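Report on one structure; see the data block that follows.
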Amino acid sequence: LDRAPRTVTFFSPIAGHLTEKMVVEGAAVKAGDRVLRIVDHSLLWLDSQVYGQDMPFIKLGQEVIATVDAAPGRQIEGEVIFIAPHLDPATRTATVRVALPNAEFTLRPGMYATAQITAELADDALLVPREAVIDTGTRQIAFVSAGEGRFEPRKVKAGVSSGDGMIQILEGLAPGEQVVTSGQFLLDAESRMREAVQKHLDDRLLAGKDNGAAAATTTTNKVPAGMPMSGEMEANASVPVDPSTQSSTTQAAVTAGAKLTWSTDVDAVFAPYLEMAKALGAAKPPQGPLNVEPLIVAAQKLVDVTPPDAQAHARNILKAAAALKGKPLAEQRKLFTPLSEAVIAMAEGCPPSVAVADKLYVLFCPMKKSRWLQTTDEVANPYYATEMKQCGEVKRTVATVAAK
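By the working numbering, the letter at position 105 of the sequence shown is numbered 88, and the numbering carries on one by one without gaps.
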């Protein structure tokens, strides 16, 4: 050519959509300058955040089912194409990249999606409902039916959880055994109450040991009929007691156990706890330590107005709340687990009224392995609010009662 043409056509190496333009008409460009960004939307990447504990079950090429809020009811199949080699120190999660086909261009970059990655458990895995396992933080307990209305607390070792609400049991249970899936805290609280009654009776009998045969007969019965002892006394949990060998005094004390019933004093305990949970789960953390005094006062009043044999829930809450008093906020977050377990236990047996909430939600944090109560199903994690506010899931709901 004698001279350069007025216009020169450059062809894009791919077909796609123009997403960014770096130059304007008349601007000077040189070799290597980026002038346009063209993206092929027929295949999109979904960057999913996966907890570190689940990473061993993720493999390249694994099938993924994704759902997008913008396309309700539609499931999109993809596959894992990249697994990040490190965890994010703030969220303790790793990025797993999934390739999703988008031939119809119904998906858009920037949309939020949920990915379900299915990992196969062993063929002979022993599974129980997730609700059957109580995780105290130091050990895991399941209540096993011992027949004839008796239940035995059993220490177990849990494995991985499945997406359908089941959890693998590695040790502690045998195939075919029946486990309790709801109301375990009622059993535990009742057994601890009976243990306390028995200890009180033993102390009285020791003080009056000069009474001879009557005292000896009563102190041989360490397990009240029909109920196990607490978790620390697992070896004796399933030992039955012949009522005919018990003295009338012992039988009267054991059968006099009362269930906590609703009152406005019960609502007064739940209200400050729920406010504390809301404050800890807020995106903007409290400026200083939580004020635990309202909960302590409410729990103490509930103890005062409740018969001695129905005080277990209130006393457990009072003890757990007192442990938070005067502690810095970071320490209060750590101690919020035993407080939550105590409050959930009371909610199981004696829920608050609709004046507190229409219903309560029991949520579980897989990172902390702890539960808490909320009045809504929107996750607001009180343990990691500043790092992982939405880390958690709703396990079940607790119905509230009509105020009397």
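Just so you know, even glycine gets a beta-carbon here, dropped at the ideal spot from N, CA and C.
Bear in mind the structure is a predicted one, so any value in this text is a computation, not a measurement.
- In the structure shown, D52 falls within a coil segment according to DSSP collapsed to helix, strand and coil.
- Less than 7 Å divides the Cβ of V384 from the Cβ of P334.
- By the neighbour-count criterion, in which a residue is buried when 16 or more other Cβ atoms sit within 10 angstroms of its Cβ, Y367 is buried.
- Under the DSSP assignment, M149 falls in the beta strand (DSSP E) whose first and last residues are 149 to 154.
- The criterion of a C-beta distance shorter than 7 Å is not satisfied by L285 and A303.
- Comparing C-alpha distances from T89 to each of P349, I327, V275, D52 shows the shortest one belongs to D52.
- Sorting L257, E3, V18 by C-alpha distance to the C-alpha of G9 places V18 at the top.
- Counting along the chain, G332 sits inside the alpha helix (DSSP H) bounded by residues 312 to 332.
- F65 and L27 have their C-alpha atoms spaced approximately 13 Å apart.
- Inclusion of R137 and A125 in the CB contact set at 7 Å is warranted, their separation being smaller than that value.
- Cβ neighbours of T78 within its own chain (closer than 6 Å, five residues either side excluded): D30, A67.
- Where R133 is concerned, the enclosing beta strand (DSSP E) starts and stops at 133 to 144.
- Counting along the chain, the unbroken beta strand (DSSP E) around E60 starts and ends at 58 to 66.
- Here DSSP, grouped into helix, strand and coil, assigns A305 to helix.
- Below 8 Å, enough C-beta pairs join the region 337 to 344 and the region 354 to 366 to call them touching: three or more.
- Each of T(-10), V(-9), V22, P(-12) was checked against the Cα of K4, and the nearest Cα belongs to V22.
- With respect to T(-8), R20 sits apart: the two C-beta atoms are not nearer than 7 Å.
- For L156, the closest alpha carbon among the candidates L110, T121, T164 is that of L110.
- One thing to note: D250 has its Cβ within 7 Å of the Cβ of S336.
- For Q294, the closest of A325, P112, P39, T(-10) by C-alpha to C-alpha distance is A325.
- Pairing P255 with P272 gives a Cβ-Cβ distance that is not under 7 Å.
- Using a 10 angstroms sphere on the CB of P72, the tally of other CB atoms stays under 16, which defines it as exposed.
- Each of N85, A98, V12 was checked against the Cα of E46, and the nearest Cα belongs to A98.
- Residue pairing by DSSP places F126 opposite P136 in a beta bridge.
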